[in-house]
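In this note's numbering, the protein residues as written are 74 to 198.
Glycine included, C-beta positions come from ideal geometry on N, C-alpha and C.
Written below as structure tokens is the structure these notes are about.
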């Protein structure tokens, strides 16, 4: 709901979820810079990120969020089968530039059919 609130405050009713205040799609480089800036603020104001860690080298949107979600799901006792089902990106990365092969039931289940898995995974985080 936070994303909807921010979009409404910016006067946007449609368009990409991750956008500039003007409604243009934000680039991954811009998003990464914003993400790292927030982490640097967290590092400066709390003890959550050690001072010796260089945020720009250690964190990025391409890996930090995935790794955090995987770690939290594992700690919460989410089975590897559910984690693999939730994180289809593994199949895409393992395809090495080719068409990824999905288990047919997962491929045809669609987004709505996957919602119970998504909920179990998200609630555990």
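Query, Result
"Where residue 128 falls, given that 16 or more other Cβ within 10 Å makes a residue buried", "buried"
"Collapsed DSSP secondary structure at residue 121 in the structure displayed", "coil"
"Residue 76 and residue 92 closer than 8 Å at C-beta", "no"
"Inter-residue Cα distance where the pair is residue 153 and residue 136", "19 Å"
"Per-residue DSSP class, three states only, for residue 149", "coil"
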